[in-house]
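In this text, residue positions in the sequence shown follow my numbering: the first is 705, and each later residue adds one.
Idealized CB from N, CA, C, for every residue including glycine.
Inspection log for the structure reproduced underneath, given as structure tokens.
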Amino acid sequence: MISNWQIVLAIIIVGLSIVMPVYYSYQRKKKAQQEELNKIKVYGESINDQTRNKH
Numbered sequence: 705m706i707s708n709w710q711i712v713l714a715i716i717i718v719g720l721s722i723v724m725p726v727y728y729s730y731q732r733k734k735k736a737q738q739e740e741l742n743k744i745k746v747y748g749e750s751i752n753d754q755t756r757n758k759h
């Protein structure tokens, strides 16, 4: 017979197997967006520097 602690353990394992991939994919997506924003920022700063150097 399955005891209560085994049921709780099974629920925890199933819950983590659902939550962890979602969490890690969210973190990767967030990191990719941050990297893209940094690229845009660097590009904008380089254009600003070029414009300032013209005058």
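Query	Result
Given tyrosine 727, which residues of its chain have a CB within under 8 Å of its CB, disregarding the five upstream and five downstream residues?	none
Give the straight-line distance between the Cα atoms of aspartate 753 and lysine 733, rounded to the nearest whole angstrom.	30 Å
Would you kindly report the start and end of the unbroken alpha helix (DSSP H) that includes serine 750?	708–758
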